[in-house]
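Position one of the sequence shown corresponds to residue 15 (the working numbering), numbered consecutively onward.
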Amino acid sequence: MHHGRLDYLTAAYESLAHQEMPTDWEWEWLVQHDDPQPLELPKAAQNDPRVRAGAARHGGPGVARTVALQRARGEYVRNLDADDVLPSTALADAIEILTQHPEIGWTTCRVLDLMPDGTLKEFPGDPADGPIPIGSVAEYWRAHDWRLHVHPTTITIRRDLLLAIGGWMALPISEDTGMMLTANAFAAGWFIHRVGLYYRQHPDQITKADPNASDRAERMAMIDQRLRAIEALRRNTAGTQIVCSPARRVG
């Protein structure tokens, strides 16, 4: 996060505190400040040993998340922007899929927009509940003007897979798009139909600051070139894929 609002951060923490976790599972929250100055945590989170804050020089969201990744102790990594909120079953739903399906490397889920007045807004176009084949996200993305049919900010991913693909892409925005597309180049995903994120809409969102069409085109070209390089390498080394290790409990 970078210059986040404490009220949004408090809501994010409270949504974690109310997670209905499976037996023997626990969460940890790595709050990474995209700034070298110490970060003010919500009061309740300051005394919660599951919350660990870090700070580093400003490098954008992708760099901040990747820096925090090395401190993660859990088997799975769930993305959570500082201004978003998790429904109470969000983590349990992803854990269930990843533990029951070792061939699945990551999950994504339905999203509802959390509007400034507190109402929730749904939008159409979600895929069916179930597996997302390797390479299918990129296929859809290329055919629909670089737009996705699943929301990358909802991703829960095996930590070993995330490390193997280099974490999040070093882009000013769209870093999560690049990461998810790269993950899907090596591992199948799973779309969870139950809502797993309330995506807060507000004027200060980084994603609302998309500068211009040429900048977007450059970012999409970088992601596409990366994917094509991976696809070429896989063709030249038939059968190459990242094998996800069996799940272990968090903590």
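In this text, a Cβ means the ideal position worked out from N, Cα and C, and glycines have one as well.
Here the structure is a predicted model, which is why all the values come from computation and not from measurement.
Around the C-beta of residue i, are 16 or more other C-beta atoms found within 10 angstroms, so that it is buried, or is it exposed?
i: residue 26; result: buried
i: residue 29; result: buried
i: residue 247; result: exposed
i: residue 47; result: buried
i: residue 229; result: exposed
i: residue 98; result: buried
i: residue 134; result: exposed
i: residue 130; result: exposed
i: residue 210; result: buried
i: residue 75; result: buried
i: residue 93; result: buried
Among the options, which residue has its Cα nearest to the Cα of residue i?
i: residue 73; options: 184, 61 and 213; result: 184
i: residue 162; options: 186, 174 and 198; result: 198
i: residue 145; options: 233, 205 and 160; result: 205
i: residue 35; options: 101, 69, 196 and 79; result: 101
i: residue 153; options: 60, 41, 195 and 236; result: 195
i: residue 45; options: 38, 62 and 96; result: 96
i: residue 215; options: 126, 106 and 68; result: 126
i: residue 143; options: 207, 243, 20 and 232; result: 207
i: residue 54; options: 22, 135 and 187; result: 22
i: residue 51; options: 148, 94, 67 and 149; result: 67
i: residue 251; options: 41, 200 and 135; result: 200
i: residue 165; options: 114, 60, 130 and 139; result: 139
i: residue 60; options: 20, 81 and 39; result: 20
i: residue 151; options: 38, 241 and 31; result: 241
i: residue 136; options: 227, 213 and 249; result: 213
i: residue 245; options: 187, 149 and 128; result: 149
i: residue 79; options: 116, 103 and 187; result: 187
Compute the distance between the beta-carbons of residue i and residue j, then report whether it is under 7 angstroms.
i: residue 77; j: residue 43; result: no
i: residue 118; j: residue 202; result: yes
i: residue 234; j: residue 160; result: yes
i: residue 83; j: residue 181; result: yes
i: residue 24; j: residue 56; result: yes
i: residue 81; j: residue 69; result: no
What residues match up with residue i in a beta bridge as DSSP calls it?
i: residue 122; result: 205
i: residue 46; result: 68
i: residue 63; result: DSSP, once it has assigned bridges, lists no residue as partnering residue 63.
i: residue 109; result: According to DSSP, which records beta bridges pairwise, residue 109 is partnered with nothing at all.
i: residue 81; result: Answer is none; residue 81 lacks a bridge partner.
i: residue 90; result: 172
Are three or more beta carbon pairs between the stretch 119 to 127 and the stretch 165 to 175 nearer than 8 angstroms? yes
Just checking, does the stretch 172 to 192 make contact with the stretch 89 to 103 on the three C-beta pairs under 8 angstroms criterion? yes
Report yes or no: do the stretch 108 to 119 and the stretch 180 to 196 share at least 3 C-beta pairs separated by less than 8 angstroms? no
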